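> Have a look at this one.
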Amino acid sequence: MNDIRPSTRWRIEINGIVQGVGFRPFVFRLAGEHSLVGKVENNPEGVSIEIQGAPEQLVAFLKQLKEELPPQAMIDSCEYHEIPLQSDNGFIISKSSHTQNATTLISPDIATCPDCLKELFDPKDRRYKYPFINCTNCGPRYTIVENLPYDRPFTSMKEFDLCTACRQEYEDPSDRRFHAQPNACHKCGPSLSVCDNSGRVQTDDPIALTVEALVQGRIVAMRGLGGFHLVVDATNEQAVSELRRRKRRFEKPLAMMAPDLDAIHDFCHLAKEDEKLLLDFKRPIVLIRRREKTQIAPSVVYDNHYFGFMLPYTPLHHLILRDNFKALIMTSGNVSEEPICIDNREAMEHLRDIADLFLLHNREILQRCDDSIVRNSSSGPQIIRRARGYVPFPIYLNKKVKAPILACGGELKNTVALAAGKRVFLSQHIGDLDNPTAMSFFEETVKHLKKTLEIEPELIACDLHPEYLSTKYALRQPLPFYQVQHHHAHLASVLADNKSGDRAIGLILDGTGYGSDGTIWGGELLIGNAREFERYAWLEPTKMPGGTAAIKQPWRMALSYLHKLYSSDISQYPQNLVREIGTEKIEQLLLVISKSINSPLTSSCGRLFDAVSAMLGICYEANYEAQAAILLEMAAHGSSELTSHHQEYRHNHKLVGALSVDKLIEDVVQSLNRAESVDKIASRFHLSLANLWISAVKAARVETGINSVALSGGVFQNLLFFEYLFRRLNEEDFEVLIHRQLPTNDGGLALGQIAVAAANQ
Ligand code: ZN
Ligand code: ZN
Ligand code: FE
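Numbering (the numbering used here), first residue to last: 6 to 766.
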């Protein structure tokens, strides 16, 4: 032995996102730099390293390991201990060990990295203009995985045999494509083809043909990473309105993709924070304040101050957009609210009447995954839809669950979750479970998650609502089940999102949820934690005339509130509403209300926004979910004045029970009579309602001594309401807990169900 320095050997166990992100090659290079020997291997929990050499080199190695991680890797825990010395011949990457009960983390799909992008547009590179270029730092992951471990034979790349050049890269630890499972090139990898409704179109250049069609204003269905997009030129009004007509999507805003930040800058007031979100490897759709006058076709977005933009995230996107378009509509390739199409044949069938042209490829998509949606707020980024780029990143609980749990989520914006140990894997956005295709997507996702995470649930959690399809699914399974009240799940979700196990005042505001007393809840002040809760205060229950019809027709809710204040005296009602709906229809509904025919009671906060929106003549009928409330918020943004009509409601007594909003409604009606501007009234309503809740929260603090307020529920997607409330609660020295990793809407419900079930396990 010529090495006389004393050696040490460590075993390092790393958990987190460390597979499929170039972690092992990174460790290999680092070991080389420090002249260390040993091995690295994937295991079911992450990566384990045995490393041996001079102690000071080991310390330096570990420091660099933590600080210079590959861009998409994430270390959740890193532990090491000394083990007996061994004799190694250098440092090796050993074969994956695969055992049962694995919970390996697969990485989410990652946007094309700068290195690959450079090669993509380099005429001298062998992958010049190759639409499927990728490396260990970028490319598809979650959407192409069929089984564990994350190795090529278990992905949809198994169809493609590596050519000699690609194999060399794949096997060379010093190469950027070492063990990049989707590695491919023109010669050996997936390829594009073009079809129209009559069949295959002969062309040498599918991209050029697609670009030409888009320039001519045609509608293209394009197979992407997590599914199909319907694509048109966003600056072509005729093309956009034709897409709306064919897709029967009349008013909901359409998402766009721009080639780069400069292009978006022309259309939006781009803040530094927006740029950061846009450039993130997750490449979500970011809602950004739009400029007044732009080249964007008017029918892309109606009555909304925001545009939804994302940047290209696959090589194909770059090839189509660069130098050709300033903005393309990229909306989900589906029929109205059905799940996004992923299969070539499925798309050609379902989208036949919508698309003129199909740009296809032959790398199968194994998991449908929509684009994620995020937005900046004064208190940080808000996730609105959590899907591509985020899934399957786990959320970590502060305590292990005793046995694996499956949570089935809610009904709208459904997601499901699987929990084992401290990790909760929330699925991608599945959507509204009101059609059979969505329900099969739901079941498919449960199956896929169970398989790829190798978690077999022993307990199933679901909503309390007996009619939710997710509840019915849960009750059909041969497993013990735990039903969680909807708003309790919201509270537990935001607590878990903040790793808090303490009791909190939960301000939970949303559209609908089944209450413990069988009525419909939705404007709730709860006190509790994941284990239990009590209902402390709520909005005074109001009739929903016609039941669910009142959700689609906000004018019904307006009448319900007006009837409460003015009985059937129509002369006192806002006259615009009377004119629009007509006295006959109004009188019919007033009869329904006064006789309580099919008029369930609700404490919903969402319905209150709907009612005011209709009273102000902003939205009588909703074309998509929450439209009335969104347009009310947009109107309020138009007001420069930020005042609350009523000063804080004072409650000297113990405040428990129903909160009346009569004064707020009265103010809306009287201000209309005084011909005050709608924008101003809308703005004042937002602030007055927030103040009503703040006074209730303060009363709860006095009574319970609890100082943390947890906010959850779809209403907090209302930026004006949320930001004002957040700021005021902070000024009142509350500790305010808000959603960080999950949406505040029902998309985050499954996490709460897991937390509640676990706390009661
Ligand atoms: Zn790359
Ligand atoms: Zn190749
Ligand atoms: Fe909800």
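Positions of the beta carbon are idealized from the N, C-alpha and C atoms, including for glycine. Since the model is a prediction, treat every value here as computed from it, not as a measurement.
#1: If we require 4 or more residues per run, which alpha helix (DSSP H) segments fall completely within the region 129-196?
#2: Tell me, to the nearest whole angstrom, how far the beta carbon of Asn-630 is from that of Leu-438; I am working on the premise that it is less than 8 Å.
#3: Tell me whether the beta-carbon of Leu-564 lies closer than 7 Å to the beta-carbon of Leu-594.
#4: For Thr-553, count neighbouring Cβ atoms within 10 angstroms of its own Cβ and tell me buried if that reaches 16, exposed if not.
#5: Determine the contact status of Ala-695 and Phe-721, defining contact as a CB-CB distance below 7 Å.
#6: What's the gap between the Cα of Gly-451 and the Cα of Pro-113?
#7: Which one of Arg-294, Ile-115, Leu-321 and Tyr-155 has the shortest CA to CA distance from Asn-142?
#8: Tell me the DSSP secondary structure of Gln-629 in three-state form.
#9: DSSP beta-bridge partners for Ala-408?
#10: Give the secondary structure of Thr-13 by DSSP, where H, G and I count as helix, E and B as strand, and everything else as coil.
#11: Note down, one range per segment and in chain order, each beta strand (DSSP E) of at least 3 residues found wholly within the region 475-528.
#12: Does the beta-carbon distance from Pro-136 to Pro-320 come in below 7 Å?
#13: By Cβ distance, which residues of its chain are closer than 8 Å to Gln-652, with the 5 residues on each side in sequence left out?
#14: Taking the straight line between their C-alpha atoms, what separation do you get for Pro-559 and Val-707?
#15: I want to know whether the region 215-225 touches the region 384-391 - three or more CB-CB distances under 8 Å.
#16: Specify, as a first and last residue, the run of the beta strand (DSSP E) that Glu-312 falls within.
#17: I'd like the ranges of any beta strand (DSSP E) spanning at least 3 consecutive residues and lying wholly in the region 218-285.
#18: Just tell me which of Leu-544, Val-583 and Glu-448 has its CA closest to the CA of Cys-610.
#19: Is Gly-518 a contact residue of ligand 3, with contact defined as CB to any heavy atom under 6 Å?
#20: Assess contact between the region 80-93 and the region 280-289, defined as three or more Cβ pairs (one per stretch) separated by less than 8 Å. Is contact present?
#21: Just tell me which of Lys-44, Leu-324, Ala-412 and Val-52 has its CA closest to the CA of Ala-763.
#22: Quick check on this structure: which residue in Lys-685, Tyr-175, Met-562 and Pro-462 has the alpha carbon closest to the alpha carbon of His-184?
#23: Could I get the ranges of all uninterrupted alpha helix (DSSP H) runs contained in the region 573-614, with 4 residues as the minimum, in chain order?
#24: Measuring straight from C-alpha to C-alpha, what distance separates Gly-21 and His-453?
#25: Does the pairing of the region 393-413 with the region 743-759 give three or more beta-carbon distances under 8 Å?
#26: Taking three-plus beta-carbon pairs below 8 Å as touching, is the region 728-745 in contact with the region 574-593?
#27: Does Met-335 come out as helix, strand or coil in the three-state DSSP assignment?
#28: Does the beta-carbon of Asp-308 have 16 or more other beta-carbons within 10 angstroms, so that it is buried, or is it exposed?
#29: Ala-443: which of Lys-455, Glu-461, Leu-474 and Cys-467 sits nearest, CA to CA?
#30: Would you check whether ligand 3 has a heavy atom nearer than 6 Å to the C-beta of Asp-751?
#31: Does ligand 1 have even one heavy atom less than 6 Å from the beta-carbon of Asn-188?
#32: Rounded to whole angstroms, what is the Cα-Cα separation between Lys-257 and Gly-414?
#33: Using C-beta distances below 7 Å, list every residue in its chain close to Glu-280, excluding the 5 sequence neighbours before and after it, in chain order.
#34: State buried or exposed for Phe-312, treating a residue as buried only when at least 16 other CB atoms are found within 10 Å of its CB.
#35: Which residues does DSSP list as the beta-bridge partners of Met-549?
#36: Using only the heavy atoms of ligand 3, determine whether one of them is closer than 6 Å to the beta carbon of Asp-285.
Taking the coordinates as given:
#1: 169-176
#2: Counting from one through the sequence shown, the residue named residue 630 turns up at place 625. Counting from one through the sequence shown, the residue named residue 438 turns up at place 433. For the sequence presented, residue 630 should be read as Glu rather than Asn. Rounded, the Cβ-Cβ distance is 13 Å, inconsistent with contact.
#3: Stepping through the sequence shown from its first residue, residue 564 is reached at position 559. Stepping through the sequence shown from its first residue, residue 594 is reached at position 589. Yes, the pair counts as a contact, with Cβ atoms nearer than the cut-off.
#4: For the purposes of this step, residue 553 is taken as the residue at position 548 of the sequence shown. Label assigned to Thr-553: exposed.
#5: By 1-based counting over the sequence shown, the position of residue 695 is 690. By 1-based counting over the sequence shown, the position of residue 721 is 716. No, Cβ-Cβ distance for Ala-695 and Phe-721 is not below 7 Å.
#6: Walking along the sequence shown from the start, residue 451 turns up at place 446. Walking along the sequence shown from the start, residue 113 turns up at place 108. Here the sequence assigns Val to residue 451, which means Gly is not the residue at that position. Rounded to whole angstroms, Val-451 to Pro-113 spans 17 Å at the Cα level.
#7: Against the sequence shown, residue 142 aligns to sequence position 137. Ranking Arg-294, Ile-115, Leu-321 and Tyr-155 by Cα distance to Asn-142 puts Ile-115 first.
#8: The residue given as residue 629 occupies position 624 in the sequence shown. It should be noted that the sequence gives Tyr, not Gln, for residue 629. In the structure shown, Tyr-629 sits in coil (DSSP, three-state: anything other than H, G, I, E or B).
#9: Taking the first residue of the sequence shown as position 1, residue 408 is located at position 403. DSSP output for Ala-408 lists no bridge partner at all.
#10: Start at 1 with the first residue of the sequence shown, and residue 13 comes out as number 8. When secondary structure is reduced to three states using DSSP, Thr-13 falls in the strand class.
#11: Correct list: 486-489 and 509-519.
#12: Residue numbering aside, residue 136 sits at position 131 when the sequence shown is read from its first letter. Residue numbering aside, residue 320 sits at position 315 when the sequence shown is read from its first letter. In this structure, Pro-320 lies closer than 7 Å to Pro-136 by Cβ.
#13: One-based indexing of the sequence shown puts residue 652 at position 647. Confidence at Gln-652 is low in this model, with a pLDDT of 47, below 50, so its placement is unreliable and the value that follows should be read with caution. Result list for Gln-652: Asn-696, in chain order.
#14: For the purposes of this step, residue 559 is taken as residue 554 along the sequence shown, with counting starting at 1. For the purposes of this step, residue 707 is taken as residue 702 along the sequence shown, with counting starting at 1. Looking at the backbone, the Cα of Pro-559 and that of Val-707 are separated by about 36 Å.
#15: no
#16: Here residue 312 refers to the residue found at position 307 of the sequence shown. Per the sequence shown, residue 312 should be read as Phe rather than Glu. Taken as a continuous stretch (DSSP letters only), the beta strand (DSSP E) holding Phe-312 covers 311-315.
#17: Whole beta strand (DSSP E) segments, 3+ residues: 225-228 and 233-238.
#18: As a first step, residue 610 is located in the sequence shown; it is residue number 605 there, counting from the start. For Cys-610, the nearest C-alpha among the options comes from Leu-544.
#19: Here residue 518 refers to the residue found at position 513 of the sequence shown. It does: the Cβ of Gly-518 is within 6 Å (strictly closer) of some heavy atom of ligand 3.
#20: By the Cβ test, the region 80-93 is not in contact with the region 280-289, since fewer than three Cβ pairs between them sit closer than 8 Å.
#21: On the sequence shown, position 758 is the one that residue 763 refers to. Considering only alpha carbons, the answer is Ala-412.
#22: Start at 1 with the first residue of the sequence shown, and residue 184 comes out as number 179. Residue Tyr-175 is the option with its Cα nearest to His-184.
#23: 580-586 and 588-599
#24: Working through the sequence shown from its first residue, we reach residue 21 at position 16. Working through the sequence shown from its first residue, we reach residue 453 at position 448. Rounded to whole angstroms, Gly-21 to His-453 spans 20 Å at the Cα level.
#25: yes
#26: no
#27: As a first step, residue 335 must be located in the sequence shown, where it is residue number 330. It is a strand residue.
#28: What you label residue 308 is simply residue 303 of the sequence shown in a count that begins at 1. Its Cβ having fewer than 16 others within 10 Å, Asp-308 is exposed.
#29: Position 438 of the sequence shown, counting from 1, holds the residue named residue 443. Per the Cα distances, Leu-474.
#30: As a working mapping, residue 751 is identified with position 746 in the sequence shown. True, at least one ligand heavy atom lies under 6 Å from that Cβ.
#31: Translated into the one-based positions of the sequence shown, residue 188 becomes position 183. No.
#32: Counting from one through the sequence shown, the residue named residue 257 turns up at place 252. Counting from one through the sequence shown, the residue named residue 414 turns up at place 409. About 24 Å.
#33: Within the sequence shown, residue 280 is the residue found at index 275, counting from 1. Answer for Glu-280: Leu-266, listed in chain order.
#34: Stepping through the sequence shown from its first residue, residue 312 is reached at position 307. By the 10 Å Cβ count, Phe-312 comes out buried.
#35: Translated into the one-based positions of the sequence shown, residue 549 becomes position 544. DSSP output for Met-549 lists no bridge partner at all.
#36: Stepping through the sequence shown from its first residue, residue 285 is reached at position 280. Incorrect: Asp-285 has no Cβ contact closer than 6 Å to ligand 3.
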